[in-house]
Structures are given as structure tokens and as C-alpha cells.
Amino acid sequence: DQQVKQNSPSLSVQEGRISILNCDYTNSMFDYFLWYKKYPAEGPTFLISISSIKDKNEDGRFTVFLNKSAKHLSLHIVPSQPGDSAVYFCAASAGNYGQNFVFGPGTRLSVLP
Amino acid sequence: KAGVTQTPRYLIKTRGQQVTLSCSPISGHRSVSWYQQTPGQGLQFLFEYFSETQRNKGNFPGRFSGRQFSNSRSEMNVSTLELGDSALYLCASSPGADTRNTEAFFGQGTRLTVV
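These protein sequence lines are chains Z and D, in that order. Under our numbering, the first residue of the first sequence carries the number 1, and numbering increases by one thereafter. Under our numbering, the first residue of the second sequence carries the number 114, and numbering increases by one thereafter.
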């Protein structure tokens, strides 16, 4: 049973527009969330994180929103650029030290020029 | 600053054999985590080592094991290989004790194919 779900396997967006990637989770003990980006033949790279004590975190063009009651988070990219085309993974962890994150299956974002 | 280095990049093994993968973290990083990535299951956490001790473990059978050396380099071993072990194995390093609240830096991975 997947504890972290990314229900859209792929998403296409026009350059300059907003990209919204969604992630849902089932484990109410999750209290820390991250987004990673992965290009082909490379390891994932960290994008942005959010703790459950916040509902929004912003870093440049990237904003993550957390809705704890809905067990939902989303990543907004504004404006989208062709270089943002990659697979985006949502990851979550529950209240302990360490890197045992549960990853979602990923969403492939294509930003069209 | 050198990144996370995983060796070898590609490996082909036969069912029943064992394999050892290596990961050198970023200099100064003390936490090393291992993940398995497959098309069907996505990225799954294997285990994490911090200061030569296994700190966290995922839901993988005992055939999967690891260790960390005093210089923070880590090895992962899979014994009695099965076809389903074919995957991309990713290693990630993090700097400090509370690695949960810091980003992890991933290597490029080792692509293991079991035939």
C-alpha cells in the first residue's frame, strides 16, 4: 500500500505558465516533506522541504503548500522553464532522526517552449 | 567540492550470486543512505548509516546488508541475487546528526542487472 501517492504520472505545461505537482499521503504521522527533482542518468536533487508546523514554504520560483487536514501537498513552479523538465518526487518522513523517507512514484514534468 | 560517488556505475550479475556496491559521500558528511529504484516500486529506502552504525532500516529482506567505514564510505551487499533485485541503487549523503531536516545529496547510482 503506497503511503505517498503522486497520482499524475506526467504533466505538460507551457513555458512561462505555472506548474502544479500534487502529492497525497496516508500516514498521519508524517511530519516532514521534501521535493526532489531527477534528470535522466542523474541522482535526485533536493528542491524544497516543508515541516508540518508550516503550511507554505517558498524558495525562488518554487513554493510548496501543505494541507495537513487533507493530507495533501503541492509544488508550484512559477514561471515554468524548459530546464524544469524532469521527474519530480515527493517524499515524507515521520518524527525521527535520519533519512528513512518514503518516496512517491514521481511525476514527469515537461515544460514546452 | 566533490559530489557523492558510486561505483561501479553498471553491473551485470547472475541469479544466486552476490554483489557489493560502494558509495563515497561528500567530504565531511557522516550519514549515508541507500535507496532502491525500480519502475514498479519507485524509490524505496533500504537503510541509513551514521558514524558506522545502522540508524534506520527499510522493509527489505536480510539478503540486503550494508556497512559504513570510519571514513564514512559505505558499502551495500546483496546476497543470493534474484531477478527482482535488478534496479538502480542510489546512495545519498547528508552532513549532520539530524539528517531528517537537511537535504540529501544523491549519487548517480549503480544500475544492477540480474540475469
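Think of the CB as a built atom: it goes at the ideal place given N, C-alpha and C, for glycine as much as any other residue. For clarity, every value in this text was computed on a predicted model and none was experimentally measured.
Rounded to whole angstroms, what's the CA-CA distance from residue i to residue j? Just pull it up for me.
| i | j | result |
| --- | --- | --- |
| L47(Z) | I77(Z) | 11 Å |
| F30(Z) | L73(Z) | 12 Å |
| K126(D) | R61(Z) | 43 Å |
| F101(Z) | A91(Z) | 6 Å |
| A205(D) | S80(Z) | 27 Å |
| T151(D) | S199(D) | 8 Å |
| T133(D) | R224(D) | 12 Å |
Contact check, residue i vs residue j under 8 Å by CB: the rounded distance?
| i | j | result |
| --- | --- | --- |
| E161(D) | S146(D) | 4 Å |
| T120(D) | S135(D) | 5 Å |
| G129(D) | T193(D) | 6 Å |
| F118(Z) | L66(Z) | Only positions 1 to 113 of chain Z appear in this structure, which leaves residue 118(Z) out of reach. |
Does residue i come within less than 8 Å of chain D when only Cβ atoms are used?
| i | result |
| --- | --- |
| G43(Z) | yes |
| M62(Z) | With the sequence shown as reference, residue 62(Z) is identified as Phe, and Met is not the correct amino acid for it. Taking Cβ atoms only, chain D never reaches closer than 8 Å to F62(Z), which makes this a no. |
Kindly indicate if chain Z contains any beta-carbon less than 8 Å away from that of residue i.
| i | result |
| --- | --- |
| E216(D) | yes |
| G222(D) | yes |
| S135(D) | no |
| S199(D) | no |
| G155(D) | yes |
| T225(D) | The sequence given here has Leu at residue 225(D), not Thr. No, because no Cβ of chain Z sits closer than 8 Å to the Cβ of L225(D). |
| S207(D) | yes |
Where the segment 161 to 185 of chain D meets chain Z: residues whose CB sits under 9 Å from a CB there: Taking 9 Å as the cut-off between beta carbons, the residues of the segment 161 to 185 of chain D near chain Z are E161, F163, R168, N169, K170, G171, in sequence order.
If contact means a Cβ-Cβ distance below 8 Å, which residues of the segment 46 to 62 of chain Z contact chain D? Taken in chain order, the members of the segment 46 to 62 of chain Z whose beta-carbon sits within less than 8 Å of a beta-carbon on chain D are F46, S49, S51.
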